Amino acid sequence: MESRMNRKTILVLFGGESSEHDVSIMSARNVYAAINREKYEPVLIYIDRVGRWWLLDDWQENLENHNGAEVALLPGEGSLIVLGEDKKLYIDIAFPVMHGENGHEDGAIQGFLRMAHIPVVGCGIGASAVCWDKIYTKQILERNSIKTTPYVYHRGGTQMPDYDRIAGEGADLFVKPATAGSSVGVSKVRNKDEFEQA
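When we follow the working numbering, the leftmost residue of the sequence shown carries the number 1053, and every step to the right adds one.
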């Protein structure tokens, strides 16, 4: 059996500033529980709603009243430093369990961890950043002859698409922000008033 001294240190990041903060917590609870402690040593970092990073000794259900120590990444060192203490935590790999903006979905956390020389589980910066913007994703798919559902997009500051023309296609109509995770902001539109509100 492998010595516990040789375990890989896995940084489990969760929470964050996005509207999907609570979803991230539920996901992280499951990931943390599933980590094989014989092979891996998890380091739990809770990112609060304003973006501060907190080291937790173990899983806590009431994160609003956690007892964690604040930490910061050390660029170029592959480690975190516990603020107010002379203590570094060396990380073998990061497992971001984050959703939405400034999380794993848009590439932000991967870029931050890359600067600290910490490898990351999952997609890289570029793939996440491109896929975060649904318009760019659809354009790339189309240019590579990959089928995608029909769409019309609208960027702020430009004229709204004509509802009657779009609705005339006969299919159900859904409106979604181009850069929001999961189903955040999705609206089913049945008439012109709902279209304008969405």
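Where is the CB? At the ideal position from N, CA and C, for every residue including glycine.
A quick note: this is a predicted structure, and the numbers were derived from the prediction, not measured.
- Query: Tell me the DSSP bridge mates of S1070?
  - Reply: Among the bridge pairs identified by DSSP, S1070 is matched with none.
Fill in: L1065 and I1161 closer than 8 Å at C-beta
Their beta carbons are under 8 Å apart, which means L1065 touches I1161 by this criterion.
- Could you give the C-beta distance for D1158 and A1181, rounded to a whole number, given that I count them as a contact under 8 Å? Rounded to whole angstroms, the Cβ separation of D1158 and A1181 is 6 Å, and the two are in contact under 8 Å.
message: Three Cβ pairs or more, each shorter than 8 Å: is that satisfied between the stretch 1119-1136 and the stretch 1085-1092?
response: The stretch 1119-1136 is not in contact with the stretch 1085-1092.
request  = Look at the alpha carbon of E1246 and the alpha carbon of K1186, and state the distance between them as a whole number of angstroms.
outcome  = In a straight line, the C-alpha of E1246 is about 21 Å away from that of K1186.
*Could you say which of M1078, G1155 and G1220 lies nearest to P1202 if we only look at CA atoms?*
Checked all of M1078, G1155 and G1220; the closest Cα to P1202 is G1220.
- Quick one: grab the DSSP three-state call for W1184. Taken through DSSP and simplified to helix, strand or coil, W1184 comes out as helix.
* Asked: In chain order, which alpha helix (DSSP H) runs of at least 4 residues are fully inside the stretch 1085-1171?
  -> Entirely contained in the stretch 1085-1171, the alpha helix (DSSP H) runs reaching 4 residues are, in chain order, 1160-1167.
- Message: Going by DSSP in three states, V1227 sits in which element: helix, strand or coil?
- Response: Three-state result, V1227: strand.
Using the C-alpha atoms, what's the distance from Y1188 back to V1227?
Per the coordinates, the alpha-carbon of V1227 lies some 16 Å from the alpha-carbon of Y1188.
Handout entry: Other residues of its chain near S1079: CB distance less than 6 Å, five sequence neighbours each side excluded
Key = For S1079, same chain residues with a beta-carbon under 6 Å away, outside a window of 5 residues either side, are V1149 in chain order.
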